[in-house]
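Have a look at the structure below before the remarks.
Protein chains in written order, with the working numbering: chain A, 519 to 629; chain B, 21 to 132.
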């Protein structure tokens with residue numbers, strides 16, 4: 519398996535623009551997680567899906583953030599409108615049990 | 021709630037030195053314990069795990085033993101290499117929740 523795939527790897531955008539991050543989990547994994555990592559706040563869980571259903575979105579910072587998982591092989595995290603404080607590395611991870619498998623991340627820079 | 025506490029970094033060592041990174045946890049029940057490693061520019065990857073008390077997880081020369089009496093899962097390696105320079109995260113997962121609790125990470129820098 520190719521592992522968890524994320525795209526794009528890097529995204530630079532201007533404040534106010536819409537940003538969409540994409541994730542393809544490992545085939546057969548039924549759980550998917552979106553994380554954000556910054557130097558100041560460390561690794562933060564944003565949202566957790568199980569069998570394509572959002573189970574816990576308490577980490578989503580505000581209404582500007584939304585996530586979807588239309589099927590077992592694809593998920594998106596959207597930020598609209600983006601702000602400079604959203605600059606971070608966003609990771610997607612998938613699992614079938616307790617061990618998590620992380621993607622390479624998307625480095626987002628909002629200017 | 022569950023929590024994981026790791027030693028503050030960075031930990032700076034010379035090549036071939038002995039490594040210990042401390043990790044203690046608070047959890048209800050009997051959690052599974054993990055160490056993940058994050059190399060520069062990459063995502064986290066599972067390094068080792070232990071699922072019950074007194075289990076020892078090991079991989080790539082790293083070891084950690086699940087100590088229920090001290091609620092600890094310290095990471096050790098007998099002889100570190102420059103290529104071990106990375107950030108190490110201790111984590112736990114317990115009960116029916118597949119949402120892990122991560123520590124804040126400990127940066128390891130190994131000099132030649």
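C-beta: ideal position from N, C-alpha, C; glycine also.
Exercise for the section: Please list the partners that residue 69 of chain B has in chain A, where partner means a Cβ-to-Cβ separation under 7 Å. Expected result: Taking a Cβ-Cβ cut-off of 7 Å, the neighbours of residue 69 of chain B in chain A comprise 617, given in sequence order.
Practice task
Starting from residue 120 of chain B, find everything on chain A with Cβ-Cβ shorter than 8 Å and list it in chain order.
Solution key: Neighbours of residue 120 of chain B on chain A, chain order: 616 and 618.
Exercise for the section: Excluding the 5 residues preceding and the 5 following residue 527 of chain A in the sequence, name in chain order all residues of the same chain whose CB lies nearer than 8 Å to its CB. Expected result: Cβ contact annotation for residue 527 of chain A (same chain, cutoff 8 Å, sequence separation greater than five): 622, 623, 624 and 625, in chain order.
Practice task
Please state whether DSSP places residue 600 of chain A in a helix, a strand or coil.
Solution key: Coil at residue 600 of chain A, not helix or strand.
Exercise for the section: Sort out for me which residues DSSP pairs residue 554 of chain A with in a bridge. Expected result: DSSP lists A:562 and A:608 as the beta-bridge partner residues of residue 554 of chain A.
Handout entry: Touch test, the segment 598-611 of chain A against the segment 88-99 of chain B, Cβ-Cβ under 8 Å, three pairs minimum
Key = Contact fails: fewer than three Cβ-Cβ distances are below 8 Å.
Practice task
Give the straight-line distance between the Cα atoms of residue 47 of chain B and residue 115 of chain B, rounded to the nearest whole angstrom.
Solution key: Answer to the nearest angstrom: the Cα atoms are 10 Å apart.
Exercise for the section: Can you pull the chain A residues whose beta carbon is under 8 Å from the beta carbon of residue 54 of chain B, in chain order? Expected result: Below the 8 Å Cβ cutoff, chain A contributes 616 and 617 as neighbours of residue 54 of chain B, in chain order.
Handout entry: Nearest-angstrom Cα separation, counted from residue 35 of chain B out to residue 574 of chain A
Key = A straight-line Cα-Cα distance of about 43 Å links residue 574 of chain A and residue 35 of chain B.
Problem - Residues bridged to residue 572 of chain A [DSSP beta-bridge criterion] - result: Residue 572 of chain A has A:567 as its beta-bridge partners, per DSSP.
Problem - Length of the line joining the Cα atoms of residue 539 of chain A and residue 523 of chain A - result: A straight-line Cα-Cα distance of about 11 Å links residue 539 of chain A and residue 523 of chain A.
Problem - Three-state class that DSSP yields for residue 107 of chain B in the structure shown - result: Strand, per DSSP.
Exercise for the section: May I ask you to list the residues that DSSP assigns as paired with residue 54 of chain B? Expected result: In the DSSP assignment, the residues bridged to residue 54 of chain B are B:69 and B:111.
Practice task
Pick out whichever of A:557, A:600, A:553 and A:559 has its Cα sitting closest to the Cα of residue 541 of chain A.
Solution key: Checked all of A:557, A:600, A:553 and A:559; the closest Cα to residue 541 of chain A is A:553.
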